[in-house]
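In what follows, a structure is listed as structure tokens, so that the remarks can point back to it.
Structural data, given as structure tokens:
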């Protein structure tokens, strides 16, 4: 989530001012981004080397694959609190293969891998809950693994219901008001299934990096379909400007720059620096898991505004798929899809001898470079990334090794 979403633990999800450290970072952020993004290829390579070599306090070890499984040739998964956050509210998890439950011992069980990024806000309870429970609910679904699409939809429904039931009967002060985005992928024997809620994102490198495909749609208020749904259900959308807050962290609603119609909406279209927010929640996402205070009428929420309904994307597997990258918005807010893929290709093209053509270690380097490069751009958010190696990158490495031997 971006810096202003639930950045301090004050009442009613109100926007927080940046702390002293973040202010210093933000003041130099523009110059840093310009110097990196306008650099030559050689200088960009130097920026990659510099980013990868940096050591950060309590930086976690990247989880990596040991061997290929079906379509998945490698994976690497990591999550870090970032430069300014005290805690990491993100959770990232890989389960490969998805184990076959004992109770389904007589049922056909294909080779499948599970990947998930849960970008939490307002605390880590919701994202931790998703990490610990989502796959179990999915496996227990009566339609899994034969109809993965329906299974994913019904699992999100059950998750939302379970979170609500755990808090049912509690007072407004007692309930867990945290929430989370959710990006879940199941890679089976010939399909890639992706379920998305929020503004995390999955992208694909194809044809040796010559094509970069965005696989999911961000659920932000600057998405016209999300905007129209909010307005239809009684909510509002406003432009995130600087507003004078009182001592309670509140501000005058009449001062907000509301997006009242499509003409207002189009005026800001394509301006990445403009952040739209939902009123009255202040969230910059239009879908999430949890967030009971925003969703439930008994807690003061607006039903039908922030929703926990996923969009499901299904792709036929192609041998031209190089690798897939899943990440939270802390990755994508400061790096374009192409910049992220280019950083990964830097590793696959330049670190092969050092890593002895080991696709697992190379995937690890890709994952860490993407996270650390994001921090070099001074992102103020948690950063989570999963790199999934597929047929294309395995073939690329094999051919590169053969060419090297034949020199």
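Residue numbers (the numbering used here): 26 to 432. Ideal placement from N, C-alpha and C gives every residue a C-beta, glycine not left out.
Quiz item: Quick one: any contact between the segment 120-137 and the segment 153-170, if contact means 3 or more CB pairs under 8 Å?
Solution: yes
Quiz item: Three-state secondary structure (DSSP) at residue 226?
Solution: strand
Quiz item: In terms of alpha-carbon separation, which member of 194, 256, 87 and 68 lies closest to residue 391?
Solution: 87
Quiz item: Below 8 Å, can you find three or more Cβ-Cβ pairs linking the segment 210-224 to the segment 160-180?
Solution: yes
Exercise. Inspect the beta-carbon positions of residue 228 and residue 350 and report whether they are closer than 9 Å.
Key: yes
Quiz item: Exposed or buried, which one is residue 197 when buried takes at least 16 other CB atoms within 10 Å?
Solution: exposed
Quiz item: Can you check whether the CB of residue 258 is closer than 9 Å to the CB of residue 329?
Solution: yes
Quiz prompt | Status (buried if at least 16 other CB within 10 Å, exposed otherwise) for residue 132 | solution = exposed
Practice problem: Please list, in chain order, all residues of the same chain as residue 421 whose beta carbon is under 8 Å from its beta carbon, the five residues on each side excluded. | Solution: 233, 347 and 373
Quiz item: Can you list the alpha helix (DSSP H) stretches of 4 or more residues lying completely in the segment 86-170, in chain order?
Solution: 150-165
Quiz item: Does the beta-carbon distance from residue 409 to residue 396 come in below 9 Å?
Solution: yes
Quiz prompt | N-terminal and C-terminal residue of the beta strand (DSSP E) that residue 319 is part of | solution = Premise fails: residue 319 lies in the alpha helix (DSSP H), 317-320, not in any beta strand (DSSP E).
Quiz item: Contact between the segment 177-192 and the segment 339-346: three or more CB pairs below 8 Å?
Solution: no
Quiz prompt | Three-state secondary structure assigned by DSSP to residue 309 | solution = coil
Quiz prompt | Exposure label - residue 126; buried when at least 16 CB within 10 Å | solution = exposed
Quiz item: How long is the line joining the alpha carbons of residue 142 and residue 263, rounded to whole angstroms?
Solution: 28 Å
Quiz prompt | residue 110 versus residue 429 - alpha carbon distance | solution = 44 Å
Quiz item: Assuming residue 12 contacts residue 331 under a Cβ cut-off of 8 Å, what Cβ separation, rounded to an integer in Å, is found between them?
Solution: Outside the shown range of the chain, which is 26 to 432, sits residue 12, and nothing can be said about it.
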